[in-house]
Amino acid sequence: MINKKVVTRFAPSPTGLFHAGSYRTALFAYIFARQNNGKFILRIEDTDKVRSKKKYEDNIIDSLKWMGLKYDEFYRQSERTEIYRKYLKQLIDSGHAYISKEIPKEPGDREEVIRFKNPNRKVVFQDMVRGQIEFDTTELGDFVIAKSMDEPVFHLVNVIDDLEMGMTHIIRGEDHISNTPRQILIYEAIGAPLPIFAHIPLLLSANRAKLSKRHGAVPVSSYRERGFLPEAIINFMALLGWHPTDDIEILSLEQIIEKFSIERVQKSGAIFDEEKLRWFNKQYIGKLNDNDFIENAKSFLPKWLLPTSDSFKMLLPLLKEKIVSFGDIQVLFESSGELGFINNMQSIDPERLLWKKTPDREVAKKHLIETKLLLDKLDKTSFNTETVRSAIWPYVEKNGKGDVLWPLRMSVTGQDRSPDPFVCISILGKDESLKRISVAISLLEKTS
RNA sequence: GGCUCUAUCGUCUAAUGGUUAGGACACGGCCUUCUCAAGGCUGGAAUCGGGGUUCGACUCCCCGUAGAGUCACCA
2 MINKKVVTRF
12 APSPTGLFHA
22 GSYRTALFAY
32 IFARQNNGKF
42 ILRIEDTDKV
52 RSKKKYEDNI
62 IDSLKWMGLK
72 YDEFYRQSER
82 TEIYRKYLKQ
92 LIDSGHAYIS
102 KEIPKEPGDR
112 EEVIRFKNPN
122 RKVVFQDMVR
132 GQIEFDTTEL
142 GDFVIAKSMD
152 EPVFHLVNVI
162 DDLEMGMTHI
172 IRGEDHISNT
182 PRQILIYEAI
192 GAPLPIFAHI
202 PLLLSANRAK
212 LSKRHGAVPV
222 SSYRERGFLP
232 EAIINFMALL
242 GWHPTDDIEI
252 LSLEQIIEKF
262 SIERVQKSGA
272 IFDEEKLRWF
282 NKQYIGKLND
292 NDFIENAKSF
302 LPKWLLPTSD
312 SFKMLLPLLK
322 EKIVSFGDIQ
332 VLFESSGELG
342 FINNMQSIDP
352 ERLLWKKTPD
362 REVAKKHLIE
372 TKLLLDKLDK
382 TSFNTETVRS
392 AIWPYVEKNG
402 KGDVLWPLRM
412 SVTGQDRSPD
422 PFVCISILGK
432 DESLKRISVA
442 ISLLEKTS
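Okay, so the first sequence: first residue is 2 according to this note's numbering, each after it adds one.
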């Protein structure tokens with residue numbers, strides 16, 4: 002039995018912010034390694050010195066860390082030139098590559114590069130996702146594998162590293178299918194055994210183009226900034242191109258690792274639709290306990306609302322049920338948001354104080370006056386959602402919920418949509434609430 | 001254009017020769033409800049087209065069509 006330990010890798014080039022497309026590739030490679038008790042390697046492919054940026058490398062590493070995808074080894078290709086040179090020399094010495102005179106076509110082009118001597122033959126390989134794939138490499142020509150002995154290029158370094166790092170499974174995007182025959186040729190020239198390939202389908206933008214900076218790719222870090230939970234992103238992404246055998250879709254990373262099977266990976270590309278991610282995020286937010294919720298919510302709260310305050314405690318259940326991502330908290334508190342009334346009371350049209358089923362000014366006015374009286378009896382220091390509710394509730398039950406509560410809620414919020422009036426009133430406090438109710442009463446008087 | 005890959009509801013997908021083609025998101029309706037949500041119930045919605053193979057095709061084969069990827073001294 003040649004039961005070699007599974008080794009997979011994620012090999013991004015640090016030339017842009019880490020986005021969903023590459024993230025899903027990393028996730029599948031990670032899952033496959035973990036479910037086989039194998040190794041997962043992160044390799045930064047920064048041979049393009051012009052486009053590679055440290056900040057992008059940092060972004061990739063931070064995002065991976067945030068998502069909880071731990072790698073066992075880390076490499077940077079820019080630090081491995083010696084190794085590549087050795088192989089380059091071997092390839093030239095054995096006649097598989099040669100130094101080629103060129104006519105530069107673009108600025109930066111060399112007059113001399115190293116090309117691979119293409120044996121021009123058919124290449125066949127088995128892909129774990131797609132089955133057998135055939136290519137005729139004749140059309141590829143003698144492709145460039147290095148700009149100079151110290152500047153190897155993608156195809157070469159990719160193969161050498163996978164070889165040197167003992168890669169057993171190359172799990173990467175479908176966009177690499179057409180690179181595979183070139184790389185197989187290099188493996189053969191070096192005399193190395195082939196790894197197993199698995200090309201997973203691409204993630205597509207809404208217009209069906211490969212997800213990229215130009216086409217709707219949202220950086221993972223931006224989901225983090227908008228208050229999404231990594232568990233939700235993982236769950237959502239895993240289900241793009243893969244599906245368990247049953248219909249249970251809410252899955253932790255551990256459960257995914259347990260159930261995952263690369264043979265069940267879809268062959269066709271999947272459109273990245275944020276709508277379902279939002280749903281997943283809501284599910285995961287709902288599972289959070291208060292402490293974790295607060296921890297996540299903290300940075301999105303308006304300055305005046307401390308997580309330790311009574312106001313926050315009153316708002317907590319409401320926040321939990323309303324938001325889809327923590328970033329929504331900010332929206333809620335904007336002047337046009339559902340909690341905007343707290344700091345921005347809009348002037349109201351008296352007509353809006355009337356409940357649709359009882360559009361009578363006298364009725365509305367009477368209920369406002371009565372509830373105001375009830376509220377006035379409450380002690381300021383024990384003015385909270387529960388005391389407010391119990392003070393008014395008997396009156397509400399006796400006179401009809403809509404008849405009493407609609408004018409009350411409208412008078413203190415001025416908004417069509419808001420939390421229930423008890424929460425609103427307790428948040429505003431006794432003085433402010435009574436003031437707003439008085440204003441509403443006088444509005445009804447003036448016009449009637 | 002050459003080469004390669006792909007094709008089930010709007011979206012993510014299940015069903016690997018026999019199902020009333022299933023689930024989820026989104027959408028509509030109803031219930032609940034002072035509003036908005038949430039929740040419950042419920043509805044509409046798909047096998048790209050044409051040929052085969054077969055007693056029987058979403059499923060296998062061929063031809064179209066459509067989409068995607070790739071054709072760098074980027075990765």
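Where is the CB? At the ideal position from N, CA and C, for every residue including glycine.
In this text, all values refer to a predicted model and were calculated from it rather than measured experimentally.
Across which residues does DSSP place residue i in a beta bridge pair?
{"i": "residue 1", "result": "Coverage of the chain is limited to positions 2 through 449, which leaves residue 1 absent and any answer about it impossible."}
{"i": "residue 147", "result": "115, 153"}
{"i": "residue 173", "result": "200"}
{"i": "residue 271", "result": "204"}
{"i": "residue 450", "result": "Because residue 450 is not part of the residues shown, which for the chain are 2 to 449, the question remains open."}
{"i": "residue 350", "result": "Answer is none; residue 350 lacks a bridge partner."}
{"i": "residue 75", "result": "43"}
{"i": "residue 133", "result": "127"}
{"i": "residue 53", "result": "In the DSSP output, where bridge partners are listed per residue, residue 53 has none listed."}
Which same chain residues end up closer than 6 angstroms to residue i when comparing Cβ atoms and leaving out the 5 residues on each side of it in sequence?
{"i": "residue 9", "result": "30, 33, 34, 41, 170, 172"}
{"i": "residue 52", "result": "16"}
{"i": "residue 2", "result": "Residue placement at residue 2 is flagged as unreliable, the pLDDT there being 38, under the threshold of 50; the coordinate-derived value follows with that caveat. If we look at residue 2 and ignore the five residues flanking it on each side, it has no Cβ neighbours."}
{"i": "residue 88", "result": "161"}
{"i": "residue 338", "result": "332"}
{"i": "residue 73", "result": "40, 41"}
{"i": "residue 97", "result": "118, 190"}
{"i": "residue 206", "result": "212, 216, 217"}
{"i": "residue 124", "result": "136, 138, 182, 185"}
Thinking C-beta only, is residue j closer than 8 angstroms to residue i?
{"i": "residue 386", "j": "residue 412", "result": "no"}
{"i": "residue 155", "j": "residue 116", "result": "no"}
{"i": "residue 28", "j": "residue 75", "result": "no"}
{"i": "residue 158", "j": "residue 284", "result": "no"}
{"i": "residue 368", "j": "residue 424", "result": "no"}
{"i": "residue 202", "j": "residue 133", "result": "no"}
{"i": "residue 68", "j": "residue 219", "result": "no"}
{"i": "residue 93", "j": "residue 85", "result": "no"}
{"i": "residue 390", "j": "residue 445", "result": "no"}
{"i": "residue 204", "j": "residue 241", "result": "yes"}
{"i": "residue 48", "j": "residue 153", "result": "yes"}
{"i": "residue 126", "j": "residue 198", "result": "yes"}
For residue i, which residues of its own chain have a beta-carbon under 7 angstroms away from its beta-carbon, when the five flanking residues on both sides are left out?
{"i": "residue 388", "result": "379"}
{"i": "residue 61", "result": "13, 15, 19"}
{"i": "residue 177", "result": "200"}
{"i": "residue 257", "result": "32, 239"}
{"i": "residue 57", "result": "15, 16, 17, 18"}
{"i": "residue 5", "result": "169"}
Which whole-angstrom value is the C-beta distance of residue i and residue j, which I expect to be below 8 angstroms?
{"i": "residue 168", "j": "residue 264", "result": "Contact flag wrong, Cβ pair sits at about 20 angstroms."}
{"i": "residue 435", "j": "residue 376", "result": "6 angstroms"}
{"i": "residue 254", "j": "residue 272", "result": "Contact doesn't hold; Cβ gap of about 23 angstroms is too wide."}
{"i": "residue 393", "j": "residue 372", "result": "6 angstroms"}
{"i": "residue 308", "j": "residue 334", "result": "14 angstroms between Cβ atoms; not a contact."}
{"i": "residue 420", "j": "residue 319", "result": "5 angstroms"}
{"i": "residue 314", "j": "residue 381", "result": "Going by Cβ atoms, the distance from residue 314 to residue 381 rounds to 17 angstroms, so no, they are not a contact pair."}
{"i": "residue 355", "j": "residue 408", "result": "7 angstroms"}
Cutting at 8 angstroms between CB atoms, please list the residues of its own chain near residue i, excluding the five before and the five after it.
{"i": "residue 90", "result": "150"}
{"i": "residue 163", "result": "10, 171, 196"}
{"i": "residue 7", "result": "33, 34, 37, 38, 39, 40, 169, 170"}
{"i": "residue 102", "result": "112, 113"}
Assess, as a yes-or-no matter, whether the region 410-425 is touched by the region 436-448 under the definition of 3 or more beta carbon pairs within less than 8 angstroms. yes
Would the region 231-251 count as touching the region 133-142 if we require 3 or more Cβ pairs under 8 angstroms? no
Determine contact between the region 179-196 and the region 207-214, defined as no fewer than three beta-carbon pairs at a distance below 8 angstroms. no
So does the region 295-306 actually touch the region 314-327, counting three or more Cβ pairs closer than 8 angstroms? yes
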